[in-house]
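Student: Have a look at this one.
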Amino acid sequence: MESFKDRLLQDTSDEEDDSQHGQKSKHQVVSQEGASFIFKLISACSICFNAIFICSILIILSKDAPLPLSKYVGLQKNVPFSFSHGDFYTSSNRSIADAAWNAPIVQSWTGLVALSEDYVQSHDLLPAQQWPWDENKRIYILNGFHNLHCLDVVRQTVLQAYDGKPLAKPLPHVVHCLDALRQEIMCNADDTPRYTGRLNEEAGRDHPVSGIGQQKLCNSWDKLYEFAIEHSACYRPVNMSDPHFPELERFKFCPDGKRVWP
Ligand SMILES: *[C@@H]1O[C@H](CO)[C@@H](O)[C@H](O)[C@H]1NC(C)=O
Ligand SMILES: *[C@@H]1O[C@H](CO)[C@@H](O)[C@H](O)[C@H]1NC(C)=O
Numbered sequence: 001m002e003s004f005k006d007r008l009l010q011d012t013s014d015e016e017d018d019s020q021h022g023q024k025s026k027h028q029v030v031s032q033e034g035a036s037f038i039f040k041l042i043s044a045c046s047i048c049f050n051a052i053f054i055c056s057i058l059i060i061l062s063k064d065a066p067l068p069l070s071k072y073v074g075l076q077k078n079v080p081f082s083f084s085h086g087d088f089y090t091s092s093n094r095s096i097a098d099a100a101w102n103a104p105i106v107q108s109w110t111g112l113v114a115l116s117e118d119y120v121q122s123h124d125l126l127p128a129q130q131w132p133w134d135e136n137k138r139i140y141i142l143n144g145f146h147n148l149h150c151l152d153v154v155r156q157t158v159l160q161a162y163d164g165k166p167l168a169k170p171l172p173h174v175v176h177c178l179d180a181l182r183q184e185i186m187c188n189a190d191d192t193p194r195y196t197g198r199l200n201e202e203a204g205r206d207h208p209v210s211g212i213g214q215q216k217l218c219n220s221w222d223k224l225y226e227f228a229i230e231h232s233a234c235y236r237p238v239n240m241s242d243p244h245f246p247e248l249e250r251f252k253f254c255p256d257g258k259r260v261w262p
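Structural data, given as structure tokens:
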């Protein structure tokens with residue numbers, strides 16, 4: 001069997017043979033060398049210009065240009081946030097935790113908005129169902145609030161399972177929600193490297209959590225909430241256990257107490 005080294009040697013000797021037996025005139029060789037030199041020069045210049053071009057773009061992006069605005073609400077990743085241990089959301093006192101999870105700012109139905117036809121068209125949105133109180137407005141749920149809805153479905157299910165209570169949500173709904181959150185996480189592809197080990201705020205801990213105290217920049221949830229309130233579809237999922245309760249009645253809960261129905 002031919003070894004790798006044999007083949008390598010053979011390849012090199014083939015090349016030598018070619019150059020020995022090649023019959024090129026001196027003129028040909030000189031003009032080829034000239035062309036090759038010009039080609040190398042052009043390549044080198046091109047690489048340099050590309051490098052300068054990319055560097056200047058990176059400098060513009062990192063310093064001078066304002067942060068890009070999100071497409072629909074115009075949010076900017078400029079709100080400092082640090083990874084932390086629990087707060088009210090993780091309180092072992094269930095009534096404190098429930099109050100946190102049920103506050104309007106994180107309620108999924110807060111994110112149901114009625115957007116005008118103009119807004120829909122200028123933002124390239126797919127059509128949606130009409131808002132009952134204005135034929136010129138359509139109903140959307142802001143994705144962040146849909147994510148919270150899914151998180152709440154998972155939370156409810158986990159708590160019911162731990163409490164040994166009957167599970168209220170059918171498994172396919174829970175699985176849909178888990179997958180919706182997976183999709184969001186992968187769509188975000190967050191590249192923040194979280195430090196590990198008993199360091200920084202986690203110094204001296206038995207079971208350190210990665211990244212605690214580390215900062216990153218986020219969109220403003222407060223601004224998203226403001227947008228949701230300003231464009232509220234006035235929906236609240238009341239009397240859900242009553243199958244005969246008219247759906248229209250659920251669109252009469254405007255956050256500002258305004259009466260939008262006739
Ligand atoms: C839980 O929190 C509520 C509200 O702060 C309080 O009234 C209640 O006593 C707490 N329960 C326990 C078991 O600590
Ligand atoms: C429907 O919900 C409202 C508001 O929560 C409540 O006042 C009312 O009693 C409920 N009606 C029925 C039929 O459950």
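Take 1 as the starting number for the sequence shown in the UniProt record's numbering and just add one per residue.
Glycine included, C-beta positions come from ideal geometry on N, C-alpha and C.
Suppose the cutoff is 8 Å on Cβ atoms and the five residues either side in sequence are ignored; what does the same chain contact list for Val113 look like?
Tutor: In the sequence shown, counting from the first residue as 1, residue 113 sits at position 113. Contacts found: Ile139, Tyr140, Ile141, Leu142, Phe227, Ala228, His231, Ser232, Ala233.
Student: Would you kindly report the start and end of the unbroken alpha helix (DSSP H) that includes Ser122?
Tutor: Indexing the sequence shown from 1 puts residue 122 at position 122. Unbroken alpha helix (DSSP H) run through Ser122: 117–122.
Student: Which residues does DSSP pair with Cys75 in a beta bridge?
Tutor: The residue given as residue 75 occupies position 75 in the sequence shown. Strictly speaking, residue 75 in this sequence is Leu, with Cys absent from that position. DSSP output for Leu75 lists no bridge partner at all.
Student: So, at 7 Å on beta carbons, what are the nonlocal neighbours of Phe245 in its own chain, with the 5 sequence-adjacent residues on each side left out?
Tutor: Residue mapping note: residue 245 aligns to position 245 of the sequence shown, counting from 1. Closer than 7 Å at the Cβ level, and outside the excluded window around Phe245, lie Asn239.
Student: From what residue to what residue does the alpha helix (DSSP H) around Leu217 run?
Tutor: For the purposes of this step, residue 217 is taken as the residue at position 217 of the sequence shown. No alpha helix (DSSP H) holds Leu217; the beta strand (DSSP E) holding it covers 215–218.
Student: For ligand 1, I want to know if Ile139 counts as a neighbour, meaning its beta carbon is within less than 8 Å of at least one of the ligand's heavy atoms.
Tutor: Reading the sequence shown from its first residue, position 139 is the one you call residue 139. Incorrect: Ile139 has no Cβ contact closer than 8 Å to ligand 1.
Student: Check whether the Cβ atoms of Lys258 and Pro80 sit closer than 9 Å, and answer yes or no.
Tutor: Counting from 1 along the sequence shown, the entry for residue 258 is found at position 258. Counting from 1 along the sequence shown, the entry for residue 80 is found at position 80. Going by C-beta atoms, Lys258 is not nearer than 9 Å to Pro80.
Student: Please report the residue range of the alpha helix (DSSP H) in which Asp134 lies.
Tutor: Along the sequence shown, one-based indexing puts residue 134 at 134. No alpha helix (DSSP H) contains Asp134, which is instead part of the beta strand (DSSP E) from 134–141.
Student: Using a Cβ distance threshold of 8 Å, determine whether the stretch 82–95 contacts the stretch 198–216, with at least three qualifying pairs required.
Tutor: Verdict: yes, contact present.
Student: Ignore the nearest five residues each way along the sequence and tell me which others in Pro166's own chain have a CB closer than 8 Å to its CB.
Tutor: Within the sequence shown, numbered from 1, the residue matching residue 166 stands at position 166. Excluding sequence neighbours, Pro166 sits near Gln160.
Student: Take Asp222 as the anchor and find which of Phe88, Asp87, Pro104 has the nearest alpha-carbon.
Tutor: The residue given as residue 222 occupies position 222 in the sequence shown. When each option's Cα is compared against that of Asp222, the closest is Pro104.
Student: Ligand 1 and Ile96: does the residue's C-beta get closer than 8 Å to at least one heavy atom of that ligand?
Tutor: Locating residue 96 in the sequence shown gives position 96, counting from the first residue. Yes.
Student: In or out: Leu115 buried (at least 16 other Cβ within 10 Å) or exposed?
Tutor: Sequence index remark: in the sequence shown, residue 115 carries index 115 (1-based). Label assigned to Leu115: buried.
Student: So, helix, strand or coil for Ser43, using DSSP?
Tutor: Translated into the one-based positions of the sequence shown, residue 43 becomes position 43. Of the three classes helix, strand and coil, the one that applies to Ser43 here is helix, per DSSP.
Student: Looking at the secondary structure, which residues open and close the alpha helix (DSSP H) in which Cys187 lies?
Tutor: Along the sequence shown, read from residue 1 onward, the residue named residue 187 stands at position 187. Its alpha helix (DSSP H) spans residues 171–188.
Student: Are the CB atoms of Leu178 and Val154 within a distance shorter than 9 Å?
Tutor: By one-based count along the sequence shown, residue 154 stands at place 154. By one-based count along the sequence shown, residue 178 stands at place 178. Yes.
Student: Just to confirm, does Asn102 get its C-beta within under 8 Å of one of the non-hydrogen atoms of ligand 1?
Tutor: Within the sequence shown, numbered from 1, the residue matching residue 102 stands at position 102. Not so, every heavy atom of ligand 1 lies at least 8 Å from the Cβ.
Student: Would you identify the three-state DSSP class for Trp101, choosing helix, strand or coil?
Tutor: Against the sequence shown, residue 101 aligns to sequence position 101. Three-state DSSP puts Trp101 in a helix.
Student: Less than 9 Å between the beta carbons of Trp109 and Tyr235, yes or no?
Tutor: As a position in the sequence shown, residue 109 is number 109, starting the count at 1. As a position in the sequence shown, residue 235 is number 235, starting the count at 1. Yes, the Cβ-Cβ distance between Trp109 and Tyr235 is below 9 Å.
Student: So, Ser70 versus Asn219, is the Cβ gap smaller than 9 Å?
Tutor: Here residue 70 refers to the residue found at position 70 of the sequence shown. Here residue 219 refers to the residue found at position 219 of the sequence shown. For Ser70 and Asn219, yes; Cβs fall inside 9 Å.
Student: Suppose you measure from the CA of Arg198 to the CA of Asp191; what does that come to, to the nearest Å?
Tutor: On the sequence shown, position 198 is the one that residue 198 refers to. On the sequence shown, position 191 is the one that residue 191 refers to. Cα to Cα, the separation comes out at about 22 Å.
Student: Between which two residues does the alpha helix (DSSP H) harbouring Ile229 extend?
Tutor: In the sequence shown, residue 229 corresponds to position 229, counting from 1. It spans 221–230 - the alpha helix (DSSP H) in which Ile229 sits, taken as one unbroken run.
Student: Is Trp261 helix, strand or coil by DSSP?
Tutor: Working through the sequence shown from its first residue, we reach residue 261 at position 261. Coil, per DSSP.
Student: Looking only at DSSP bridge pairs, what is Ser82 linked to?
Tutor: Translated into the one-based positions of the sequence shown, residue 82 becomes position 82. DSSP output for Ser82 lists Gln215 as bridge partner(s).
Student: Which word fits Thr196, buried or exposed, when buried means at least 16 other C-beta atoms lie within 10 angstroms of its C-beta?
Tutor: Counted from its first residue, the sequence shown places residue 196 at position 196. Thr196 should be labelled exposed.
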